[in-house]
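Take a look at the structure set out below.
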Amino acid sequence: MNIGKSVIIKGELSGSEDLTIEGQVEGKIELRQNVLTIGPNGKIKAQVFAKSIIVQGEVHGNVTASERVDIRDNGSVDGDLSAPRVAIADGAHFRGSIDMQRAGAKPGEMKHGDGKTTESKPAPAATAAHSAGTPTPVR
Amino acid sequence: MPVTFKWGARKGDIPPDTTPVPEPAAAVSTSKVLPRVISALAQRPSPVLLDLGPVVGSNIAFFGDRLACKIHVEDLYNEVEQYARKANRDGLAASLVGRLTHPDESIDGVLCWDLFDYLDNASGKALATRLATLLRPGGVLYGFFGTTPVDLLHYTRFAVASESTFRQKAYPATAVRRNVLLTRDINRMFEGLVVAESVLLKSSTRETLFRKP
């Protein structure tokens, strides 16, 4: 399903199939079980809920996805994101907060790059003042 | 596309080389302090981070994946740049603090990067005081402080590559003189926080981790 460039919707938009928006929507968008794509020409001023959301255009409003939010190059979001996985491309614009908190996450449980989850060890005790200014091979 | 040179060919006969020139890879730097930052945050239940730099997708993915956290992105470099273009820092302190409307003691970690290098003393003090207020007890603040008084001609995007490395990528800035802070100035500026780790890098930058007692 595609909403074309010339279409302007004010109100609530909901459905049960994947949707691409190239036009303008103001209000609320709900596609809880489906993928929502906001195309390069899409302009959204709305609260957005979907399974997965791809942003190539502009969004003003909070964005919630049960699986993933993907802000592509030249995509723009002014609002808060909430999703277990968020990808933001270089060149994308974002202002707001990103909530990737997982229900049931325990303190001290840290996931490593290989996908394995381990209990992280407590940080060593803080040094009283500055540690020795050891030059390190950086920069 | 390879270009074959022909003897006698005129310049116009040679097709232009349209091969895209790859961007130089950002240098990877090793950090002794970053693992401490991550370890400290991993101890906290559902940590809340405040990133004062421009949004970096790989950082969002990294911290989100490792810590399952909430991240507030407040690009204060953008604020600094606006005042630098006006060549007038009157109001910068209020503008920076005004962006941080989060409740007191609601943040577990602040990623300052090298923001304080671009601030005058008054703006730096105002911002540091606000950040100390925002941190929860036990929360941490991570920053870099340059030690050489030079003109800063670019901002740096810090992208965390692993638990102990990051990449730096420059992007244009209106030139400002770096505000060099001595160690005692830094301690005074971040009153209420204690220095948990401080390492002088080869680049003459001090990488510092503060903790709120």
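Keeping their order, the protein sequence lines are chains A and B.
Counting in my numbering, the first sequence runs from 333 upward without gaps.
Counting in my numbering, the second sequence runs from 9 upward without gaps.
Here a beta-carbon is modelled for each residue, glycine too, at the ideal position from N, C-alpha and C.
For a contact defined as C-beta to C-beta under 7 Å, what are the partners of D431/A on chain B?
Going along chain B in sequence order, the residues near D431/A (Cβ under 7 Å) are K78.
Assign S348/A to buried or exposed, taking buried as 16 or more other Cβ atoms, counted over all protein chains shown, within 10 Å of its Cβ.
Exposed, by the Cβ-count rule.
For R111/B, count neighbouring Cβ atoms within 10 angstroms of its own Cβ and tell me buried if that reaches 16, exposed if not.
Looking at the sequence shown, residue 111/B is not Arg but Pro. Burial call: exposed.
Could you run through the segment 112-126 of chain B and flag, in chain order, every residue whose CB is less than 7 Å away from some CB of chain A?
Correct list: empty, as no residue qualifies.
Less than 6 Å between C-beta atoms, sequence neighbours within five positions excluded: which residues of the same chain meet that for A421/A?
Answer for A421/A: R404 and D405, listed in chain order.
Return no unless some Cβ of chain B is closer than 8 Å to the Cβ of R427/A.
So yes, R427/A belongs to the interface.
Of the choices V64/B, P53/B, A134/B and T155/B, whose alpha-carbon is the least far from that of L190/B?
The option with the nearest alpha carbon to L190/B is T155/B.
What does the Cβ neighbour count give for A382/A, buried or exposed, with the cut at 16 atoms within 10 Å?
Counting Cβ neighbours within 10 Å, A382/A comes out buried, since at least 16 surround it.
Roughly how many whole angstroms lie between the Cα atoms of D98/B and L42/B?
Using only the alpha carbons, I get a separation of about 34 Å.
So, is the C-beta of G65/B closer than 8 Å to a C-beta in chain A?
Closer than 8 Å: yes.
Output the distance between the C-alpha atoms of E358/A and A378/A, rounded to the nearest integer angstrom.
Taking the straight line joining both Cα atoms gives about 5 Å.
Per DSSP, G61/B is paired with what?
In the DSSP output, where bridge partners are listed per residue, G61/B has none listed.
Answer yes or no: do P157/B and V184/B have a C-beta to C-beta separation smaller than 8 Å?
In this structure, V184/B does not lie closer than 8 Å to P157/B by Cβ.
For the candidate residues F218/B, S172/B, R192/B and D59/B, whose alpha-carbon lies nearest to that of K40/B?
Comparing Cα positions, the closest option is S172/B.
Answer with buried or exposed for Y179/B, where buried requires no fewer than 16 other C-beta atoms within 10 angstroms of its C-beta.
With fewer than 16 Cβ atoms within 10 Å of its Cβ, Y179/B is classed as exposed.
According to DSSP, which residues form a beta bridge with K360/A?
E344/A and Q379/A.
Going by beta-carbon coordinates alone, are T164/B and D128/B separated by less than 8 Å?
No; because the gap between Cβ atoms is not below 8 Å, this pair is not in contact.
Contact criterion: CB-CB distance below 8 Å. Does V81/B meet it with respect to chain A?
Interface residue, yes.
CA-CA distance, A167/B and A204/B?
Distance between the alpha carbons of A167/B and A204/B is about 22 Å.
Take S54/B as the anchor and find which of V36/B, F174/B, A169/B and A76/B has the nearest alpha-carbon.
Cα-wise, what sits closest to S54/B is A76/B.
With DSSP collapsed to three states, give me the class of L209/B.
Coil.
Would you say G72/B faces chain A, with C-beta separation under 8 Å as the test?
It does; some Cβ of chain A falls within 8 Å.
Does the Cβ of L84/B have 16 or more other Cβ atoms within 10 Å, making it buried, or fewer, making it exposed?
Buried: at least 16 other Cβ atoms inside 10 Å.
In terms of alpha-carbon separation, which member of K177/B, S206/B and L201/B lies closest to F152/B?
The candidate whose alpha carbon is nearest that of F152/B is S206/B.
Taking C-beta pairs closer than 7 Å, name the residues in chain B that I370/A reaches, listed in chain order.
Residues of chain B passing the Cβ test: none, with the nearest at roughly 17 Å.
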